[in-house]
Each structure stands twice: as structure tokens, then as C-alpha cells.
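Residues in the sequence shown are numbered from 625 upward in steps of one, following the working numbering.
For reference, the structure discussed in these notes is given below.
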Amino acid sequence: MKRFLALGLAALAAAGFLTASASSDDAGTKVWRVTIENLTPAGPGAPGSQPLSPPLFVVHSKRADVWSVGGIASHVVAAIAEDANNAPAESALASAKGIRDVFTGEGGPIPSGTSRTYTVETRGKYSRLSVLTMLVNTNDAFTGLDSLRLRGKGRTLYRMAYDAGSERNNELEAFIPGPCCGNPFVRDPEGALIQAHPGLAGVGDLDPAVYGWTEPAAKITIERVS
625 MKRFLALGLA ALAAAGFLTA SASSDDAGTK VWRVTIENLT PAGPGAPGSQ
675 PLSPPLFVVH SKRADVWSVG GIASHVVAAI AEDANNAPAE SALASAKGIR
725 DVFTGEGGPI PSGTSRTYTV ETRGKYSRLS VLTMLVNTND AFTGLDSLRL
775 RGKGRTLYRM AYDAGSERNN ELEAFIPGPC CGNPFVRDPE GALIQAHPGL
825 AGVGDLDPAV YGWTEPAAKI TIERVS
């Protein structure tokens, strides 16, 4: 009987019906090291032309979508892009379908020309990572990742700045939260879509020679740790 049982199990395995060991790695927790480097110019001195706000990390499945180019910025995305305010996203996304984890990276803003490293964990179907971080000396510019599937040993990506489309690019000090201006939570609403940011145009108070940048705005390196 034992001989026949062993033969039967071997046949099932050969036919592909016993897949637990093959899929155990996919179902297990994977740990990733995520490094965000701010590539914007030094500007007027520390913290640089465009410091990046403390990034929001969202680990999710393919059924969840935090932001997408060509889409409308949700109120939680707009809060980050306009005021570096991650609290609404942390609250709303924590209980949303398809979300495994949402958190703000520790260490504060990332000054121009510097980098900061974070740890992210994925598991099973929750293998996608979205990231948002504001270019704080703007009306509503941000950069990050959109539903990137983490697999293999990792990868390096160069990311451009995006315009959330939720606030007009008036470039006026009264509407910008960063160290150049210090005016958070003051809005000039706009109903546009998320798209590539055109950069500073010099139409308001900000000098593009001081606060402008060339693309890409950030370099994001992802490495699998375990």
C-alpha cells in the first residue's frame, strides 16, 4: 500500500497537481530595500531646490490603484501633492480593498542631492508597490511609483515629476507649503488630470533658476533583501 501511495503522489507531482512547494516562495513574505534619491538641483542651499516630502508607501494587489497618469487625483493623492499631507491617505487606504500595508517613510523630507532608504514587505498577491512624495516647493508636483510589481532581485527606476492637476500652477508663495514659502493648506483648485509636470514657468514668485529642475526628479532603487 505504501508503495502504491508513493507512486500515486509521484504521478500527481509529475502532472503538476502538487504545487505547494513550488508556490511557497510566492506566497511567503519578501523583504525589499527601497532607496529614494532626490535628483533635483541644490538650489538656494539646504534643503535644496525641491526637497521631497516624507514618502507614502502602499503595498497592494492588482485590484487596488492608488494613482495613475491620465486619471483624476483622488482627495488623498491631492493632499500629498499639494501639501505633503499623508494622513488622509494613511486613514483611507488602511481599510481599502486590495491594500496590505500603508505607511509613511521615517526620517523626514529628502533634501536635494541626498537619498534615504526604507524597508518594504510584500506577500503573495500583495506584490505591488505605489509611492508618492511631493516636490514641496511647487503647487502640486509629485513623483513616485504607480503599482509597480516587485519581483526578481529588484530594479532601478528614474522617475519624472507629475502634475496632480488638483491645483493651478500659479507659483505664488501664498499657495506653496515648502521652505521657500511656508504656506500649507491654501488651495487654488483645478480640475485637470494627472500628467507630466511642465516644470516651473516663472509666472509667479518662484524663480525657475533657483527652484526649477530637469527630469528625472528622482531615482528609486529596489533590492530584494530576503
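Every residue gets a Cβ at the ideal spot worked out from N, C-alpha and C, and that includes glycine.
Coil, strand or helix - residue i by DSSP
i    : result
D689 : coil
F681 : strand
L676 : strand
E661 : strand
I623 : Here the chain covers residues 625 to 850 and nothing more, so residue 623 does not appear.
S645 : Low local confidence applies: a pLDDT of 39 at S645 is under 50, so the model's placement there is unreliable, with the coordinate-based value given in what follows. Of the three classes helix, strand and coil, the one that applies to S645 here is helix, per DSSP.
CB of residue i within 7 Å of CB of residue j, strictly
i    : j    : result
R779 : I846 : yes
G722 : P678 : no
G802 : V834 : no
A688 : F766 : no
G823 : G836 : yes
L796 : D829 : yes
V726 : E745 : no
A703 : G789 : no
Cβ-Cβ separation, residue j to residue i (assumed contact under 8 Å), whole Å
i    : j    : result
S736 : T664 : 5 Å
F809 : L753 : Not quite, the Cβ-Cβ distance comes to about 28 Å (not below 8 Å), so this is no contact.
I818 : V693 : 5 Å
T659 : T743 : Incorrect: roughly 11 Å between the Cβ atoms, too far for contact.
E814 : S739 : The Cβ separation is near 32 Å, so there is no contact.
Exposure of residue i, with buried meaning 16 or more beta-carbon neighbours within 10 Å
i    : result
G667 : buried
E791 : buried
A842 : buried
A798 : exposed
E730 : exposed
R783 : buried
S850 : exposed
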